[in-house]
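Chains A and B, in that order, give the protein sequences.
All letters in the first sequence, in the order written, are residues 1 to 360 by my numbering.
All letters in the second sequence, in the order written, are residues 1001 to 1281 by my numbering.
Every residue, glycine too, gets a C-beta built ideally from N, C-alpha and C.
Please read these numbers as outputs of a predicted model, since none were measured by experiment.
Here is the structure we will look at, set down as structure tokens.
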Amino acid sequence: MRVVLTQALATALWGCDPFNATFDEVEDAQYYEAQELIATEPPRGELVVMDWNIKFGGARIDFWFDCHGDRVLMDEDEVLENMEGLATKIRQVDPDVLLMQEIDIDSKRVAYVDQVQWLLDNTELNYAVFASQWRAHHVPTDGIGRVNMGNAILSKYPIRDAQRIAMPQISTNDALTNYFYLKRHILTSIVEVPEYGDLHVLNVHTDAFAQDGTKELQIDLFKDELDRIDRAGGIFVAGGDLNTLPPGSAQQNGFPDSICESEDFQADDFRAEEDALSAYYEDYTPAIPLEDYQADNSPYFTHSTQGGTFWNRKLDYLFTNGTFVPGSGLTHQNASSGGMETMPLSDHAPITVRFALEER
Amino acid sequence: MMATRWMWMGVVAMLLMPALASAQDAGSAEVEASAEVEAERSGGDDADAEGRAFVGDTALLSEVGRWEVGLFGPLRYGLSEEMELAVHPLLFFVAPNAQLKVGHGQRGGWHVASTYQLTYPTPLLRLLAREGIGGILPSDRAVPHIVSLQGELRVTREMGAHLLSLGLGVQVAPRVGESQLVSIDLPFVYPRTAAMFGWATGIASVHMQGPIAGKLGYEADVRAFTYPGVDGAFAVEQGASLRFDASQGFMAQLGYRLSYAGYPFGTMFNIVPTLELAWGF
């Protein structure tokens, strides 16, 4: 009875969305352009594609949600210093297309720095689209306040038809919690590659803390969207932070940096989802071949929750139904694997691959 | 379940903030009974002291010995012909506060009064700085001792049965001790707490009220804030409501309040419904 009353009250109170926290099933994404566009040559046979979860420019600060610390907010100097680190790595890689997760555009915790615009203005990238994953005028928990975090696709070339496709939320949360909670989605777009044509680029960040099968459902929905484009004859590059391990991962739980005791923040036991990505590997081409990964997991790890613990699990992926240049997939773990240290920059390592622009 | 309860409390607190903030303005949501207007119209300071109920944002004072309390508004007491005392009971135990309104008689057809409000919001801010659900402020930032002082000059003129009031005031909020205070970037709250981050907030207001038909009346106001040197720098609020003066012992009011304000992230427009019930005895 109490739950019914709670949900009825939530519906009545939030019918008009007073905290601007809800989304339609399908919405147009938000478009960005660099303040000064940089003239780019048509690509010569391939595109460099990069994927990176940048932890909202929080670098290795121990935030409250990791259970390693209690930080909630950064000041502007901290944010800009951390963003400069991210931009240095991006400039070093010089990607043509960049998929990003956990990027903030209007959040108190990053001193309201619009990180999409900032990266466009401080790298060689010209265009971007953004879709919110967590948006509210004020989140009444842990002093978070105003937040607008999401996924973005940045590109040297123009982007069009960008949409935010909603995915289901965790079903075990009550209505009020879900109102303020993260709202996962697929960010889909078309990059207009000169002298090549349309390239579908899709970005996703699935649930980390779902215990009810929601993450697996989101992973399947993302695959459905890729299948739909594939059946229609489109060529895609897709990826993001799928928050699950590849099939055949040697370690699936008990990671040394997983110290959260709260049931709400258990994200690192993957034993029940060993085959979650099998269909991706069967149907499409990964940036990192599965056989390479299964032969030795560690060179491809992309995540650790604390700076003192080296990368110890792979959560980040790029796939295509076109062609990746064989052997071009790289996990930028440190100076010897990618050319510079990435551990201090985010709790995820970036991955890159070269996409072959074959004639169609 | 506990977490959900804290979440609800946080949300309700945020939803009530406009009303609480409005109440701190000492009665923009309150009205004056038509009997009081009649008494005013009959003229003179003597008439001011008779038949007056629910005196709000005007320069007029409550009757001597009269108590009034609002659902969200302050508890008022007519201390003397020239002084009225008010405290906000909902906030008093977490943000001790008091307001004194002093009447200065009439000048050229205008009733003149000044108000002086003192608030110690530190306990409330420290209560809101908590980990987990219900945390409006981060728990890792030190909240200093803050004393908010607000002074305002108000004048009121009768225009038939209607009352036009003008106000001009300033708020300062000196801090003592280490401060890592974080702003609450919400409409109605941010302008009223901006002085805690700068040196002063200037406040100007225009307020109008009067009868419509029988016991039904109206109230409308515009209030402007400026907080130079603080992110955002300004806020403009406009409210209007219908009020029902059942008697000198009870009043009900229903309306809306608009806000257009500058914040650290830019400007934002908001509208919220308002409700007030007040009792007098």
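Secondary structure at residue 219 of chain A: helix, using DSSP grouped into helix, strand and coil.
Counted as a single uninterrupted DSSP element, the alpha helix (DSSP H) harbouring residue 79 of chain A occupies residues 76-93. Taking a Cβ-Cβ threshold of 9 Å, the residues of chain B close to residue 108 of chain A are 1182, 1183, 1185, 1264 and 1265, in chain order. Think of a sphere of 7 Å around the beta carbon of residue 1138 of chain B: the chain A residues whose beta carbon falls inside it are 72, 73, 142 and 143, in chain order. Nearest C-alpha to residue 184 of chain A among A:133, A:143 and A:196: A:133. Around residue 146 of chain A, the beta-carbon contacts reaching into chain B at under 7 Å are 1185 and 1265.
Nearest to residue 43 of chain A by C-alpha distance, out of A:296, A:192, A:77 and A:150, is A:192. For residue 116 of chain A, the three-state secondary structure derived from DSSP is helix. Residues of the region 1128-1156 of chain B with a C-beta less than 7 Å from any C-beta of chain A: 1129, 1131, 1132, 1133, 1134, 1135, 1136, 1137, 1138, 1139 and 1140, listed in chain order.
Straight across, the Cα-Cα distance linking residue 214 of chain A with residue 169 of chain A is about 7 Å. Around the beta carbon of residue 149 of chain A, a 10 Å sphere encloses 16 or more other beta carbons of the protein chains shown; the residue is thus reported as buried. Annotation: the continuous beta strand (DSSP E) that includes residue 53 of chain A extends over 46-53. In the three-state reduction of the DSSP assignment, residue 64 of chain A falls in the helix class. By the neighbour-count criterion, in which 16 or more other beta carbons inside 10 Å mark a residue as buried, residue 1245 of chain B falls on the buried side. Going by DSSP, residue 1126 of chain B is part of the alpha helix (DSSP H) stretching over 1122-1128. Within a 10 Å sphere around the beta-carbon of residue 93 of chain A sit 16 or more other beta-carbons, which makes this residue buried. The beta-carbon separation of residue 1102 of chain B and residue 1081 of chain B, rounded to 11 Å, does not stay under the 8 Å limit for a contact. Each residue's CA atom was taken as its position, placing residue 1139 of chain B and residue 252 of chain A some 34 Å apart. Residue B:1125 holds the alpha-carbon nearest to the alpha-carbon of residue 1183 of chain B among B:1215, B:1077, B:1115 and B:1125.
Of the candidates A:153, A:285 and A:233, the residue whose Cα lies closest to the Cα of residue 98 of chain A is A:153. By the Cβ neighbour-count rule, residue 1191 of chain B is buried, with 16 or more other Cβ atoms within 10 Å of its own.
Between residue 131 of chain A and residue 120 of chain A, the gap from beta carbon to beta carbon reaches 7 Å or more. A straight-line Cα-Cα distance of about 60 Å links residue 337 of chain A and residue 1093 of chain B. Contact check for residue 175 of chain A against residue 21 of chain A fails: the beta carbons are separated by 7 Å or more. By alpha-carbon distance to residue 1275 of chain B, the top candidate from B:1243, B:1261, B:1084 and B:1076 is B:1243. Rounded to the nearest whole angstrom, the C-alpha separation of residue 31 of chain A and residue 116 of chain A is 10 Å.
Cα atoms of residue 55 of chain A and residue 1231 of chain B: separation of roughly 26 Å, rounded to the nearest angstrom. One alpha carbon belongs to residue 1109 of chain B, the other to residue 1159 of chain B, and they sit about 10 Å apart. Chain B has no Cβ within less than 7 Å of the Cβ of residue 157 of chain A. If you look at residue 24 of chain A, you'll find it isn't in any alpha helix (DSSP H); DSSP assigns it neither H nor E. Taken through DSSP and simplified to helix, strand or coil, residue 1092 of chain B comes out as helix. Considering only A:47, A:222 and A:36, the residue with the shortest C-alpha distance to residue 198 of chain A is A:47.
Residue 185 of chain A has a beta carbon lying at 7 Å or more from every beta carbon in chain B. The C-beta of residue 138 of chain A comes closer than 7 Å to at least one C-beta of chain B.
Contact note: residue 112 of chain A reaches chain B through 1264 and 1265, using a C-beta cutoff of 7 Å and chain order. When DSSP states are grouped into helix, strand and coil, residue 340 of chain A belongs to the coil group.
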